[in-house]
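Trainee: Questions regarding the structure given below will be posed in turn.
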Amino acid sequence: MNEPAVSLTKYADSPVSTYSGGCVRRLEQRGRCAGAPHSRCWTSPRAGVDPASRRRVWRALRANSSGNSSVLISSHSMDEMEALCHRIAILNQGWVCALGDLGTLRRDHAAGHSLQIKLKRGTKTTDIQMQKLKEDIKQKFKCTLKDEHKSMLYYNIDENLPYSDMFTRIEELKAGHSIIEDYTVHEMTLEEVFLNLAHGNEAKKQQV
1 MNEPAVSLTK
11 YADSPVSTYS
21 GGCVRRLEQR
31 GRCAGAPHSR
41 CWTSPRAGVD
51 PASRRRVWRA
61 LRANSSGNSS
71 VLISSHSMDE
81 MEALCHRIAI
91 LNQGWVCALG
101 DLGTLRRDHA
111 AGHSLQIKLK
121 RGTKTTDIQM
131 QKLKEDIKQK
141 FKCTLKDEHK
151 SMLYYNIDEN
161 LPYSDMFTRI
171 EELKAGHSII
181 EDYTVHEMTL
191 EEVFLNLAHG
201 NEAKKQQV
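Right, dumping it as C-alpha cells:
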C-alpha cells in the first residue's frame, strides 16, 4: 500500500498522539502493508475511515492481493466482501458453513433473483387489490415473499430466468395492477446468501 493510498503526508511532522481516530486507523493500515509479506490479515478495513479513504484502501488492497501475496479479511460488511474477495468463507458460531467464490455461494445458497415492488403512495390500497397482486405474482413466478411493508413487497424469485423474460412478466403485472408504482430486480447479494444460511441454521436448531 503506497502512501497516497492512506493520505497521511500532511500529518508527517505531527506526533501520532495528535492524530484523529481516522488518521490512526490509516496509519495502522499502512503499517500492515510495510515490506512485502506473502500474506496479510485485516479486520474490517472500512471501520473508522471516511468514504474517500475507504475507496483508496480498497484499491490498495486489490493491488496488494495480486502476484504472490494473499490478503485475509475478516468483516461483517457484506458489500466489502463482495467488492474485495475472490473466495469467501461464512462463519456460524465459529464454524465455516459455506466457502467459495461469490457465484458459487449464490448458486448453492441463494439461487435466483430478488424482486422489490414499490406500491403507489397516496392511494388507498384495498385488501382485495393486494391479495390479487400477490396471487398474480405467484402465478408469474416461482417465488417466496420474504418481507412486506406498507408500500413495499420483497420477493425471492426461486428460479433462474433470463432478464428479458423476467421484465416481460413484471411489466405485465404492472399493466394489470394500477397500485404498482415501480420495481427493481437484481441478483441475490452476499447479504441474502448470509441471511438464507442463518435462517437455515436457525431452523435446524429448532428442529433439534
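The UniProt record's numbering puts the last residue of the sequence shown at 208; the count rises by one with no breaks.
For every residue, glycine included, the Cβ atom is placed at its ideal position computed from N, Cα and C.
1) Near N2, which residues of its chain fall below 6 Å by C-beta distance, leaving aside the five closest residues on each side in sequence?
2) Exposed or buried, S194, counting other C-beta atoms within 10 Å across all chains shown (16 or more means buried)?
3) I need the DSSP call for G100, collapsed to helix, strand or coil.
4) Could you spell out the range, first to last residue, of the alpha helix (DSSP H) harbouring L173?
5) Can you give the Cα-Cα distance for residue 217 and D182, rounded to whole angstroms?
6) Taking its Cβ as the centre, do 16 or more other Cβ atoms sit within 10 Å of A110, making it buried, or is it exposed?
7) Once DSSP output is grouped into helix, strand and coil, what is the label at residue 221?
8) Do you know whose CA, among D79, S53 and C41, lies nearest L8's CA?
9) To which residues does DSSP link D13 through a beta bridge?
10) Compute the Euclidean distance between the alpha carbons of R56 and D50, then round it to the nearest angstrom.
11) Considering only DSSP beta bridges, list what V71 is partnered with.
12) When we look at the beta-carbon of N160 and count the other beta-carbons within 10 Å, is it buried (16 or more) or exposed?
13) Quick one: what does DSSP say A198 is sitting in, helix, strand or coil?
14) Taking the straight line between their C-alpha atoms, what separation do you get for M188 and R62?
Mentor: The short version:
1) At N2, the pLDDT of 49 sits below 50, so the modelled position is not reliable; the number obtained from the coordinates is stated separately. Here the set comprises nothing.
2) One point to set straight first is that residue 194 is Phe, not Ser, in the sequence displayed. With 16 or more Cβ atoms within 10 Å of its Cβ, F194 is classed as buried.
3) strand
4) Y163 to G176
5) The structure shown has nothing for residue 217, since the chain only spans 1 to 208.
6) buried
7) Missing from the structure shown is residue 221; the chain here goes from 1 to 208 and no further.
8) S53
9) None, per the DSSP bridge assignment.
10) 10 Å
11) R40
12) exposed
13) helix
14) 23 Å
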